[in-house]
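Quick notes on the structure that follows.
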Amino acid sequence: MAVNTSLAHVSDTLFTTAIATYALAMIGYAGEYAFGHRGKVNATAVPQRELVGAGAPVPPPPPIEQAAPVSTSRNAAASRFGRAAVVITIVGALLHLTSIAIRGAAVDEVPWSNMYEFASVVGVIAVLAFLVGMARMPQIRYLGLFVMFPVVVIMFLAGTVLYSRASPLVPALQSYWLAIHVTAAASSEGILMTSSVLTVLYLVRRRHDALVLSGRSSRLTAAIGARLPTPATLDKVAYRLAAFAFPIYTFGIICGAIWAEAAWGRYWGWDPKETWAFIAWVVYAAYLHTRATAGLKKWAPWVNLLGFGAMTFNFFVVNIVISGLHSYAGLN
Amino acid sequence: MRTALVLLFLLAVAAVPGSLLPQRPLNPDKTRSYIASHGAWGQFLDHIGMFDVFGSVWFAAIYLLLFISLIGCLIPRIRVHARAMRAKPLAAPKHVERLPESGSFETSATPTEFADAARSALGRRWRVARRQQGQTIVLSAEKGYSRETGNLIFHIALVVALIAIAVGRLYSYEGSRVLREGSEFCNEYSQYDTSRLGRFAQDGKVSPAPFCMTLNKFSVAYSAASEPTNFAANVSYGPAENDHAHTDTIKVNHPLRLEGDRVYLITHGYSPEITIHMPDGSTRPDTADFIPTNPTTYLSEGAFQELGKGSGNDVGIEGLFAPTGVSQDGGPITANSIVTSSSPRTDNPVLAITVYTGDAGNTVHSVYSLDKTNLKSIGSANLALGQSATFAGGVSVTFNGYVQWAGLQVSHDPSQLYLLGAATAMVIGLIGSLAIRRRRLWIKIGPASLTDSRSPTVVSVGGLARSDSGNFTDEFAGWLERLRSCGPPIERAGDPVPAGKE
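Chains Z and B, in that order, give the protein sequences.
Residue numbers 5 to 336, in the working numbering, belong to the letters of the first sequence in order.
Residue numbers 438 to 939, in the working numbering, belong to the letters of the second sequence in order.
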């Protein structure tokens, strides 16, 4: 039952090292983003949009790379930055996973029973989701900067304000449902976080395209928007991630209800955490419906962000400010 | 869809106050003090049901409208889908090359040979209709019907889940009961301290499962830091009073599941035992269940009351029980110390009392506090285990010991398993509706020339992604390649590479 403090200490050190490694990877991704695809700023989005769905049997390379000629040396430098960043990300993810595993060994339980541990798991899932996505679609690599940014932020918060020392599980959490319910919740939230990042990028790109079309330009959207993949690609990947995560999130809520039945005598009691899980679920359901409805599709990205907002509220505000049965923040 | 979306958003928004304002079913005390401290605004909120959002008319109206709209949408969709499942895949459009994805190639196989080979290459997942147009064979292939099936299963399961919840509500009951070690309670509505009864339980149409239960022993295991690591209530139970054939241990996360009813361990506390020497000369043993006011140290509050013979001879005692008693000033506990507790373990139990005499009155009040209107304080004392204190009028109090009590909850909801079934169907349906892709392929197989019987066969293929296009371009290229290998390529002199027109 006792916590192995020296193991817990090793886990903390690995956690900090993982954050530093991710930050280093971010520099690599930023380098790739900065050096790659120069000269793209003037390439308008309009022809690119038409390229999507052109009837070629071989998939066209992402339109972004067909645009204005890019100097090869710049491209090679960008690619070196990108490849290095991926290697560093993998190293960071391994450190991060080891940190979680050692924390688990230290408390002799699944290590995601408080906000620090939960945020750490969400972070590693988001990184893994991105790595898997990159393995299947290498062309999204240069978006690493945007995906890693929220991961580093949430891990920094986890390591500072949300941190709590490794401690044995309170009786209420001593259940195998902790492993199932929280794993499902953390996985889906990690994936939905990546989906929301891509949605923000999509909105930036869409705004940029609209400005270019109307002959105006904004330095702000042009700085980022011009180098992003086509709106269609961003929207599709964001949707696919959300569509992948939604059943997992649903499963997580149902597991929570089964656990609540065994722990509190009722499967659903509108505890604040349950209420916000319900709100986020309903909003993501609305996202899937909005995206499938012609005429409303343009609102879908905002609904996606709203859903992620509800989920973030459920994590930070409900855990810290509102008291309820799910009071395991570990911040007292 | 627009109506449904508006209702979905309304549902999400309507749930928000339910988490931000105190809710009466969850926390009646907090709700009362919130209304009291917010005056007219609090009363207004109460009037519009803001303190019982999930039981309010408007919340019910939103989800009922949502489900009506859902059912109205589902019925025609089920009909359409049932028809689509039976129908042959659609005939090919006139120009397959104008479809989003298309390609063509030539083969030396005859149209019939190629059509047979193509049919078997597509496999069982594609539903294929074969049509003949002159010398041309057209295969219409379609797959991914289970996408809509999954979608319908999800939405039907959602309706079933709502019905299961509603029916469960009608038949359910829930009661909580504080049970002291060594005491027994029988499962009747009247024996619950607090209860929440469903409509049919209120009307007496549902009677609680017949069993009686005794708490033999309640135990807590602590870590070195005096944090609880395990709670266990050892109980014996049976169908009638004093007829207990079974024993079991109820723990957090491990309720006792009896036929129909579940018994949970929710809270626990201490019940100090005292002996009171009354003003009328009699001696009364008394035990009272104290309510923990500090969840960490288990400093607990409670009251004793004994009615004496003759007017003015009642005794009331307000008590504070500290499992590990310490003086608030850090020194040793004296008669004047303010006692508090440093740990929930009973390392140094101390009972701090204030004793009253007078008329306790017959008004019904909480067992945890005194009605002091006609009582007069005669002094107070801090008692360690076994100690006594004597007060004016020959009254004395002895702190004999303590037992523990467990807060048990009995729950009954006959629809739970149906709801679990519906929830499982929801997840399965959801996976099907989001992961399966609807695809259509048309394959036109005909001779290149209608007059030359030795002319090669031309195959033109068109494809359409009916849902979630994903990487349909890649997917289609894969299918085109597979179809190309269904027939031998044309061999022409000087042109060893299979001809492919794209």
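By construction, the Cβ of each residue, glycine as well, lies at the ideal position given by its N, Cα and C atoms.
Practice task
Please name the residues in the region 623–644 of chain B whose beta-carbon is closer than 8 Å to at least one beta-carbon of chain Z, in chain order.
Solution key: none
Practice task
Kindly list, in the order they appear in chain B, the residues whose Cβ is closer than 9 Å to that of residue 297 of chain Z.
Solution key: Along the first sequence, read from residue 1 onward, the residue named residue 297 of chain Z stands at position 293. Within 9 Å Cβ-Cβ: 438, 439, 442.
Exercise for the section: Find out if the Cβ-Cβ distance for the pair residue 277 of chain Z, residue 318 of chain Z is shorter than 8 Å. Expected result: Here residue 277 of chain Z refers to the residue found at position 273 when the first sequence is read from its first residue. Here residue 318 of chain Z refers to the residue found at position 314 when the first sequence is read from its first residue. In this structure, residue 318 of chain Z lies closer than 8 Å to residue 277 of chain Z by Cβ.
Exercise for the section: Counting only the same chain and skipping the five closest in sequence on each side, list residues whose C-beta sits under 6 Å from that of residue 597 of chain B. Expected result: Position 160 of the second sequence holds residue 597 of chain B. Answer for residue 597 of chain B: 859, listed in chain order.
Problem - Under 8 Å (Cβ pairs) to chain Z, residues found in the region 654–677 of chain B - result: 660, 661, 664, 665, 666, 667, 668
Handout entry: CB contact below 8 Å: residue 133 of chain Z versus chain B
Key = Here residue 133 of chain Z refers to the residue found at position 129 when the first sequence is read from its first residue. Not an interface residue.
Practice task
Would you kindly report the start and end of the unbroken beta strand (DSSP E) that includes residue 548 of chain B?
Solution key: Mapped onto the second sequence, residue 548 of chain B falls at position 111. Looking at the DSSP string, residue 548 of chain B is not in any beta strand (DSSP E); the run it does join, the alpha helix (DSSP H), is 548–559.
Handout entry: Test item: CB-CB of residue 170 of chain Z and residue 7 of chain Z under 8 Å
Key = As a working mapping, residue 170 of chain Z is identified with position 166 in the first sequence. As a working mapping, residue 7 of chain Z is identified with position 3 in the first sequence. Against a cut-off of 8 Å, the Cβ pair of residue 7 of chain Z and residue 170 of chain Z comes out as a contact.
Practice task
Going by DSSP, name the residue or residues bridged to residue 623 of chain B.
Solution key: Locating residue 623 of chain B in the second sequence gives position 186, where the first residue counts as 1. Note: residue 623 of chain B sits in a beta bridge opposite B/649.
Problem - At least three beta-carbon pairs within less than 8 Å, the region 249–262 of chain Z to the region 184–195 of chain Z - result: yes
Handout entry: the region 885–899 of chain B / the region 635–651 of chain B touching (three or more Cβ pairs under 8 Å)
Key = no
Handout entry: Simplified DSSP state of residue 574 of chain B, which is helix, strand or coil
Key = One-based indexing of the second sequence puts residue 574 of chain B at position 137. Of the three classes helix, strand and coil, the one that applies to residue 574 of chain B here is strand, per DSSP.
Problem - Among B/753, B/702, B/783, B/773, the one whose alpha carbon lies nearest that of residue 737 of chain B - result: Start at 1 with the first residue of the second sequence, and residue 737 of chain B comes out as number 300. Here the closest residue by C-alpha is B/783.
Problem - Straight-line Cα distance separating residue 323 of chain Z from residue 779 of chain B - result: Taking the first residue of the second sequence as 1, we reach residue 779 of chain B at position 342. Taking the first residue of the first sequence as 1, we reach residue 323 of chain Z at position 319. Between residue 779 of chain B and residue 323 of chain Z, the C-alpha separation is close to 27 Å.
Practice task
Mind reading off the beta-carbon distance from residue 194 of chain Z to residue 133 of chain Z? Whole number of angstroms is fine, and I expect it under 8 Å.
Solution key: If you number the first sequence from 1, residue 194 of chain Z lands on position 190. If you number the first sequence from 1, residue 133 of chain Z lands on position 129. That belief holds up - the Cβ atoms of residue 194 of chain Z and residue 133 of chain Z are roughly 6 Å apart, short of 8 Å.
Exercise for the section: Tell me whether residue 447 of chain B sits in a helix, a strand or coil according to DSSP, three-state version. Expected result: Stepping through the second sequence from its first residue, residue 447 of chain B is reached at position 10. Of the three classes helix, strand and coil, the one that applies to residue 447 of chain B here is helix, per DSSP.
Exercise for the section: Taking only beta-carbon positions, decide if residue 94 of chain Z is within less than 8 Å of chain B. Expected result: The residue labelled residue 94 of chain Z in the question sits at position 90 within the first sequence. Chain B, which has no Cβ nearer than 8 Å to the Cβ of residue 94 of chain Z, makes this no.
Problem - Beta-carbon contacts of residue 844 of chain B that lie in its chain and below 7 Å, excluding the five residues immediately before and after - result: Taking the first residue of the second sequence as position 1, residue 844 of chain B is located at position 407. Only 613, 615, 703, 704, 705 meet the Cβ criterion.
Practice task
Could you please tell me which residues of the region 685–704 of chain B, in chain order, have their CB closer than 8 Å to any CB of chain Z?
Solution key: 688, 689, 690, 691, 692, 699, 701, 703
Handout entry: The beta strand (DSSP E) enclosing residue 683 of chain B, as first and last residue numbers
Key = Within the second sequence, numbered from 1, the residue matching residue 683 of chain B stands at position 246. First-last of the beta strand (DSSP E) with residue 683 of chain B: 683–688.
Practice task
Determine the burial state of residue 481 of chain B: buried for a count of at least 16 other Cβ atoms within 10 Å of its Cβ, exposed for fewer.
Solution key: To locate residue 481 of chain B, count along the second sequence from 1; it is residue 44. Burial call: exposed.
Exercise for the section: With 8 Å as the threshold, decide whether the Cβ of residue 51 of chain Z is near any Cβ in chain B. Expected result: Position 47 of the first sequence, counted from the start, is the residue given in the question as residue 51 of chain Z. Only weak support exists for where residue 51 of chain Z lies, its pLDDT of 38 falling under 50; the coordinates are left without a value.
Exercise for the section: Determine the direct distance from the alpha carbon of residue 483 of chain B to that of residue 474 of chain B, and round the result to whole angstroms. Expected result: For this step, residue 474 of chain B is matched to residue 37 along the second sequence. For this step, residue 483 of chain B is matched to residue 46 along the second sequence. If you take the alpha carbons of residue 474 of chain B and residue 483 of chain B, they lie about 13 Å apart.
Problem - CB contact check: residue 279 of chain Z to chain B, cutoff 8 Å - result: Counting from one through the first sequence, the residue named residue 279 of chain Z turns up at place 275. For residue 279 of chain Z, the answer is yes, since a Cβ of chain B falls inside 8 Å of its Cβ.
Exercise for the section: Out of B/730, B/623, B/809, state which residue places its alpha-carbon closest to the alpha-carbon of residue 675 of chain B. Expected result: Within the second sequence, numbered from 1, the residue matching residue 675 of chain B stands at position 238. Of B/730, B/623, B/809, the residue nearest in Cα terms is B/623.
Handout entry: 9 Å Cβ cut-off: residues of chain B touching residue 287 of chain Z
Key = Walking along the first sequence from the start, residue 287 of chain Z turns up at place 283. Here the neighbours are 445, 446, 449.
Exercise for the section: Measure the C-alpha to C-alpha separation of residue 489 of chain B and residue 498 of chain B and round it to an integer number of angstroms. Expected result: The residue you call residue 489 of chain B lines up with position 52 of the second sequence. The residue you call residue 498 of chain B lines up with position 61 of the second sequence. Computed Cα separation, rounded: 14 Å.
Problem - Contact list for the region 564–583 of chain B against chain Z, Cβ threshold 7 Å - result: none
Problem - Option nearest residue 838 of chain B by Cα separation, candidates B/535, B/710, B/681, B/629 - result: On the second sequence, position 401 is the one that residue 838 of chain B refers to. Checking every option, the nearest Cα to that of residue 838 of chain B belongs to B/710.
Problem - Entirely enclosed alpha helix (DSSP H) segments - the region 845–909 of chain B, minimum 4 residues - result: 853–872
Handout entry: Straight-line Cα distance separating residue 628 of chain B from residue 726 of chain B
Key = As a first step, residue 726 of chain B is located in the second sequence; it is residue number 289 there, counting from the start. As a first step, residue 628 of chain B is located in the second sequence; it is residue number 191 there, counting from the start. Taking the straight line from one Cα to the other gives about 16 Å.
Problem - Contact set between the region 484–511 of chain B and chain Z, restricted to residues whose Cβ is under 7 Å from the partner - result: 491
Handout entry: 8 Å Cβ cutoff, residue 841 of chain B in contact with chain Z
Key = Within the second sequence, residue 841 of chain B is the residue found at index 404, counting from 1. It does not; no Cβ of chain Z falls within 8 Å.
Exercise for the section: Could you give the DSSP three-state label for residue 655 of chain B: helix, strand or coil? Expected result: Looking up residue 655 of chain B in the second sequence gives position 218. Three-state DSSP puts residue 655 of chain B in a strand.
Problem - Residues of the region 172–204 of chain Z whose Cβ lies closer than 7 Å to any Cβ of chain B, in chain order - result: 172, 175, 176, 178, 179
Problem - Status (buried if at least 16 other CB within 10 Å, exposed otherwise) for residue 485 of chain B - result: Against the second sequence, residue 485 of chain B aligns to sequence position 48. That one is exposed.
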